[in-house]
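Residue numbers (the numbering used here), protein chains in the order written: chain G, 39 to 338; chain C, 25 to 388. In what follows, a single structure is set out as structure tokens and then discussed.
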Amino acid sequence: MATQNRRDFLKTVSSIGIVTAGVAATPTKLKADPENILSNERNGVLVDTTVCIGCRRCEWACKKSHDMQPGSIDDYDDKSIFDIKRRPDHTTHTVINAYKGNSISKPIMLKAQCMHCDKPACVSACIVGAFSKKENGSVVWDESKCIGCRYCMVACPFQIPAFDYHKAIEPDIHKCDFCAERKGNGKLPACVEICPVEALTFGNRADLVTLAKDRIKKNPKRYVDHIYGETEVGGTSWMYLSSVDFATLDFPVLSADTAPGVSESIQHGIFAYFIPPIALYALLGGIMYISKQKSNKEEE
Amino acid sequence: MKFFSMLILLIIPVLCIAQPTQHSELKFNCSLCHSCESPTKTNPCLKACPRAEIITVHHSAEEAPGYIILDKFKNVEDNYAPVNFSHKAHAEMSVMAGGCEMCHHYNPPGRVVACSECHSQSRIRDDLRTPDLKGALHRQCIDCHRLWSSDVACADCHHENITNINKADPVDRYHPQIEEPERLVYDTDEMEGYVTFYHSDHTNIFGQECNDCHKQESCVSCHIEEQMLGNINLSQEEKHDACSGCHDTDGDCESCHKEQITPGFYHAVSTGFNLSKYHSKVECGGCHTTPKVFKGLSGSCAACHKNWSLENFEHSITGLSLDENHSENDCEDCHVENDYKNPTCDNCHDEEIFYPDFLPGIMK
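Shown next, in the form of structure tokens:
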């Protein structure tokens, strides 16, 4: 066995440490990176909150197309529901909330549903791969893979995935699937199709960004100069235009850093090419070796 | 090949739509649309469309269709039946607001452009900048209607869709007759007093049309929820807008702002000049020629009728045709010192002949 003094050992350990740090810091390909999953043709929806009238037909159409007991369409005219803020849950994948606007007669109506992030935190957090980002932009959940750990609910920056807390057996995760099935059949998402005022514009995401910029440029008084979702958490498929600051509409203030960016780069760094584990074992082995040498000497 | 046939199919309707019916009769300068001096069919050298300057709807409200059934994008699976849109009622009311252009916001010279010519009937389309027809129509209606009523439920305009669509008898609907107020009293805080406005006098006596004053009204001006009434903060200029077309609202405050509520304006009582005899059909501006100035006009005929002389004055327009004996008289013979109200016969006749028992001609 080659003899190694204390100085040599420290050199080895520190060089391994530098390599490990280097690997961790290098931008590695994320699971949800646009290059490997997203297509340039991916869809999106532009929600123009200055156009939405809060008729809640999208809620009805969404439930109907997902077999979620929509009830009578006329029940959705009930405006008292706006008294409290609602979230998408296991009974509905989308909700409209009302916010105080500049004019009494025109409250700001805000549709909430999954934003279908370009780099989704749920996809990254799911330990069994039950979530996936499709080429057409949808983030979908696979019932057959889910183990019900609910990491997706913790990871989502918009708190969208909902859980069947009332079901003891085979509870599901619920969230908007961007009508993946309807889109496959050449149809529009149910909410987009039914919207009477076309507050929801469906199209190629890149086209929608251009469209949104065009609207802001033409109507600078109508809109704040911000497309929510263009860059937030690395971009989302659903984007919003508003007449007021998005923070006042309970939109989380998020940077352009992807939600899973930091965690994935650390994790992927740690396990990249299996170097850090080897380094760790080498370190532990080294310590063991040295301490054994020491005890041998003491015995002598 | 397929591409070319598609291209031709696309171009033909565009050409048909773009061709104005009376291109040569347009009252616009050619340079409004064309950048070169002599545009040709092959090189029309068109500028960016100056939409705002060429919106023209030549219909009057009476000529416009009474109702339009909005069923262009009808689908049997729809939840609601098509709307029977009371076009004429809206057209008539629009005179007091932005006019036809409020809805017909793009209409180059020529015929009226149908909504569906620009707004796609399909929501799946290439050009997303223009809302589709369903969105455009709903926005057009709801944008105004929701201003005064938060109840913009589907059923307010639509009937439920029934599989066997039997178009319920569409009938022309009109805006209910607007009840005109006789008098409005404005309690003006700044001036410590009142402005008494006799509304019906302005329309009946002074011949004002609704849209002479009500130019850019919003439907909300009348259809307003009580809760919104307190939120109207108009500037001084805006408050005077309706009056300042005829009255001097900058300097002459006292004419309208009085300490007390004032009686209505009767020309004979207030000015001493009775209009009812010969001037009842004359517009205010016919005599009060200086804009916004109504005072200081003399009551004598010659003040306005400056060209009247012995030679060209026909006495019959006063209602009295002079007979042969009197037609050659001087005015002064009967109307001493320009007193046309009390003619005298004394200059020629003795006391037995007097006006008005004895007339110098025939009354019509």
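Ideal Cβ positions, reconstructed from N, Cα and C, are used throughout, including at glycine.
DSSP, read as helix, strand or coil, puts H114 of chain C in helix.
D156 of chain C is classed as buried because its beta carbon has at least 16 other beta carbons within 10 Å across all chains shown. Along the length of the region 306-375 of chain C, whole beta strand (DSSP E) runs at least 3 residues long occupy 344-346, reported in chain order.
Taking a contact as a CB-CB distance under 8 angstroms, the pair N257 of chain G and N81 of chain G does not count as one, their CB atoms being some 25 angstroms apart. At least one beta carbon of chain C lies nearer than 8 angstroms to the beta carbon of D112 of chain G. Your pair S162 of chain G and E268 of chain G does not check out as a contact, with CB atoms roughly 21 angstroms apart and the cut at 8 angstroms.
Between the alpha carbons of F297 of chain C and E203 of chain C lies a gap of roughly 31 angstroms. The beta-carbon of H128 of chain C is placed no less than 8 angstroms from the nearest beta-carbon of chain G. Within chain G, the residues whose beta carbon sits less than 7 angstroms from that of I148 of chain C are L226, listed in sequence order. Taking 4 residues as the shortest admissible run, the region 216-244 of chain C contains the following complete alpha helix (DSSP H) segments, listed from N- to C-terminal end: 223-228 and 234-237. Below 8 angstroms, too few C-beta pairs join the region 302-313 of chain G and the region 189-209 of chain G to call them touching: fewer than three. Neighbours of L249 of chain G in chain C, taken as residues whose beta carbon is under 9 angstroms from its own, are L152 and R153 in chain order. When C:H226, C:A179, C:T286 and C:W172 are compared, the shortest CA-CA separation from V219 of chain C is found for C:T286.
The Cβ of T129 of chain G sits no closer than 8 angstroms to any Cβ of chain C. In chain order, P108, I111 and Y114 place their CB closer than 6 angstroms to the CB of W98 of chain G, counting only its own chain and leaving out the 5 sequence neighbours on each side. For I91 of chain G, the C-beta contacts it makes with chain C under 7 angstroms involve I166, R170 and V176, in order along the chain. Look at K158 of chain C: its C-beta is under 8 angstroms from a C-beta on chain G.
T239 of chain G belongs to the set of residues whose beta carbon lies under 8 angstroms from a beta carbon in chain C. Per DSSP, Y311 of chain G lies in no beta strand (DSSP E) segment and is marked neither H nor E.
A contact between stretches requires three or more CB pairs, one per stretch, nearer than 8 angstroms, and the region 219-230 of chain G fails this requirement with the region 158-167 of chain C. Three or more beta-carbon pairs separated by less than 8 angstroms link the region 129-141 of chain G to the region 280-295 of chain G, which places the two stretches in contact. Per DSSP, the beta bridge partners of I146 of chain G are G:Y137. Under DSSP, H58 of chain C shares a beta bridge with C:L70. With respect to chain G, the C-beta atom of H281 of chain C has no partner C-beta closer than 8 angstroms. In this structure, T132 of chain G keeps its C-beta atom at 8 angstroms or more from the C-beta atom of Y278 of chain G.
In this structure, the straight-line span from the alpha carbon of S59 of chain C to that of N103 of chain C is close to 50 angstroms. Per the coordinates, the alpha-carbon of T66 of chain C lies some 15 angstroms from the alpha-carbon of C57 of chain C. Below the 8 angstroms Cβ cutoff, chain C contributes no neighbours of P258 of chain G, its closest Cβ being approximately 17 angstroms away. Between the alpha carbons of S300 of chain C and E376 of chain C lies a distance of about 31 angstroms. Following the DSSP letters along the chain, one finds I92 of chain C inside the beta strand (DSSP E) bounded by residues I92 to L94. Sequence-distant partners of E270 of chain G (beyond 5 residues in either direction) whose C-beta falls short of 6 angstroms from its own C-beta, in its chain, are L292.
Its Cα nearest to that of D180 of chain G, the residue G:C214 stands out among G:F196, G:C214 and G:K149. With respect to chain C, the C-beta atom of E208 of chain G has no partner C-beta closer than 8 angstroms. From the beta-carbon of K144 of chain G, the residues of chain C found nearer than 8 angstroms are R170 and L171. Nearest to L94 of chain C by C-alpha distance, out of C:S304, C:N235, C:C369 and C:L161, is C:L161.
Taken through DSSP and simplified to helix, strand or coil, K171 of chain G comes out as strand.
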